[in-house]
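First comes the structure, then the notes that go with it.
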Amino acid sequence: MANVYSIEGSWTKALDHYEELISILNPETQKGTLARARYGIAIVYKFRRDYDKASEYLQKCINLSNELHNSQLKALSYLEQAEVLYYKGDFAASTALATTAFQIFSEIGDRLSLADVYKVMGMINRKAERFDLALSYFENSLKINQNFNYPLSLGETRFEMGQYFTQTGKKDNALENFQSALKSFKQINARWKINEVEKAIQAISV
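Taking my numbering, the leading residue of the sequence shown gets 1, the next gets one more, and so forth.
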């Protein structure tokens, strides 16, 4: 339920459910569930743009992942931390963490998560105005996401590509990607992301 509330943008409800879950866990015997709950809380704070809180909970998740030798969860936390650092403007640290996450995902064969790494790398290079490289990363992310057809990741990649084409002055391409993102987010009732895309469409339509 917490995950569902998080995706649709009901963040107070999501945090309440995560905290309720944590309150009934045994911290010694249920560390895996505790780590995933902290990861979920970090995602909520990232969505709310409270990047300091998101980073704090991601570090807690990384610490537990190390205890549990859970490479996938550690890599997921690294990737989210990379995105948080991107939003905070620390592009060097963001790139380093994304690269580390990429190496782990490659070793364990997690292709869907590799798509998210490509998306973040695209964002970093778009910000640095290395546009050809950014587009290459976005296209790699899109290709994997289309194969898996996971609406949240697919929508996020399409949205970032829309931002890319807006920045490079290609409004028709931007609109096409924003509309595709909107379709994906509507599939999962991600209401706050729908609003975000609609604002982007409105901005390039004036």
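Glycine included, C-beta positions come from ideal geometry on N, C-alpha and C. Because the structure is a prediction, the values reported are computed rather than measured.
Item: Whether Y164 touches G122 by CB criterion (9 Å); Value: yes
Item: Boundaries (first-last residue) of the alpha helix (DSSP H) holding T29; Value: That residue, T29, is in no alpha helix (DSSP H); it is neither H nor E in DSSP.
Item: Residue from S180, K171 and N177 whose Cα sits closest to the Cα of V219; Value: A question about residue 219 goes unanswered here, because the residues of the chain that appear run from 1 up to 206.
Item: Proximity to E160 [Cα-Cα], best of A181, G169, A190 and Y51; Value: A181
Item: Cβ distance (whole Å) where Y51 is taken to contact K74 below 8 Å; Value: Rounded, the Cβ-Cβ distance is 20 Å, inconsistent with contact.
Item: Burial state of L112, where buried means 16 or more other Cβ atoms lie within 10 Å; Value: exposed
Item: Entirely enclosed beta strand (DSSP E) segments - the region 50-77, minimum 3 residues; Value: none
Item: Cα-Cα separation, Q72 to Y86; Value: 21 Å
Item: Among N63, S23 and T12, nearest to V44 - alpha-carbon criterion; Value: T12
Item: Member of I144, T166 and N145 whose CA lies at the smallest distance from the CA of K127; Value: T166
Item: Residue burial classification, T99 (beta-carbon count within 10 angstroms, cutoff 16); Value: exposed
Item: Boundaries (first-last residue) of the alpha helix (DSSP H) holding E176; Value: K171 to Q187
Item: Range covered by the alpha helix (DSSP H) that runs through M1; Value: Run containing M1: none; DSSP gives neither H nor E here.
Item: Which listed residue (E139, E196, G109 and E107) has its alpha carbon closest to that of V120; Value: E139
Item: Cβ-based neighbour list, S55, same chain, cut-off 7 Å, excluding 5 preceding and 5 following; Value: Q81 and V84
Item: Length of the line joining the Cα atoms of A37 and I104; Value: 21 Å
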